[in-house]
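Going by the working numbering, the first residue of the sequence shown is number 565, and it counts up by one from there.
Structure record follows, encoded as structure tokens.
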Amino acid sequence: MTELYIVGAGGFGRETLDACMAAGIEVAGFADDAPPADKVRGLPVVTVDALVTGVALVVAIANPTVRRRLAEALTARDDRALATVVHPRAVIAPETELGPGCVVLANAHVSSSCHLGGQVQINYNATVGHDARLDDAVTVLPGANIAGATHLEAGVTVGSNACVLQGLHIGAGTTVGAGAVVTRDVPPGAIVTGVPARPR
Numbered sequence: 565m566t567e568l569y570i571v572g573a574g575g576f577g578r579e580t581l582d583a584c585m586a587a588g589i590e591v592a593g594f595a596d597d598a599p600p601a602d603k604v605r606g607l608p609v610v611t612v613d614a615l616v617t618g619v620a621l622v623v624a625i626a627n628p629t630v631r632r633r634l635a636e637a638l639t640a641r642d643d644r645a646l647a648t649v650v651h652p653r654a655v656i657a658p659e660t661e662l663g664p665g666c667v668v669l670a671n672a673h674v675s676s677s678c679h680l681g682g683q684v685q686i687n688y689n690a691t692v693g694h695d696a697r698l699d700d701a702v703t704v705l706p707g708a709n710i711a712g713a714t715h716l717e718a719g720v721t722v723g724s725n726a727c728v729l730q731g732l733h734i735g736a737g738t739t740v741g742a743g744a745v746v747t748r749d750v751p752p753g754a755i756v757t758g759v760p761a762r763p764r
């Protein structure tokens, strides 16, 4: 079996390790250029440059821009591949596709006929409705709700307990603040907060 390294030894990296352990996925270690210690949760931490070829990687970094850049750089050469990690207590419904490098944590529910691009992160207790499309490096934080038939472009972050209503289009790089309720389409690069959500 190919060795798996988690890129990022911070909080989300440890949560990704939790999901791996629950799913019976063996993790060889962490890769991080600013490690908190030589070992994290008993696993060795190496620099990103020290990663060898022939390993599987999951980039467990919350920042979507950094996540995409690292994923592309680390798989552009040699024979490394991105792994997808799904906690066994998450629900992935039929006809739903997960791209390479996705992480879906416990009690998340991704409904029918969804498409998740590469490196999408769905946190604890978050939900994604039917026919939703989440492009590369979208982040859905704990407790957020993405309603059905929505389209979140690349690099969107949806804050904890926020809600994106049915059929909306959220432009690339947008941040939806915690607890916000998005009731209309949002242009790229916006920061929206409140109920209903408005640009800051």
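Beta carbons: idealized from backbone N, C-alpha and C, even for Gly.
If you're wondering where the values come from, they're calculated on a predicted model, not measured in any experiment.
- Take Phe-576, set aside five residues on each side of it, and the residues of its chain with a beta-carbon closer than 6 Å to its own are Ala-624, Ala-626, in chain order.
- Assigned with DSSP and collapsed to three states, Ala-595 falls in strand.
- Taking C-beta separations shorter than 7 Å and ignoring five residues to either side along the sequence, the partners of Ile-570 in its chain run Gly-577, Thr-580, Leu-581, Val-591, Phe-594, Val-622, Ala-624, following chain order.
- Per the coordinates, the alpha-carbon of Val-692 lies some 6 Å from the alpha-carbon of Asn-709.
- Taking a 10 Å sphere around the C-beta of Gln-730, we find fewer than 16 other C-beta atoms and assign the residue as exposed.
- Counting along the chain, Leu-568 sits inside the beta strand (DSSP E) bounded by residues 568-571.
- Restricting attention to Arg-748, Ala-742, Val-750, the CA atom closest to the CA of Gly-758 is found in Ala-742.
- DSSP places Val-759 outside both helix and strand once states are collapsed to three, so it counts as coil.
- In the three-state reduction of the DSSP assignment, Ala-587 falls in the helix class, which pools H, G and I.
- In the three-state DSSP reduction, Ala-754 falls in the coil class, being neither helix nor strand.
- Membership of Pro-628 in the alpha helix (DSSP H) is indicated by the continuous run 628-639.
- Remark: fewer than three beta-carbon pairs, one from each stretch, lie closer than 8 Å, so the stretch 667-676 and the stretch 625-640 are not flagged as touching.
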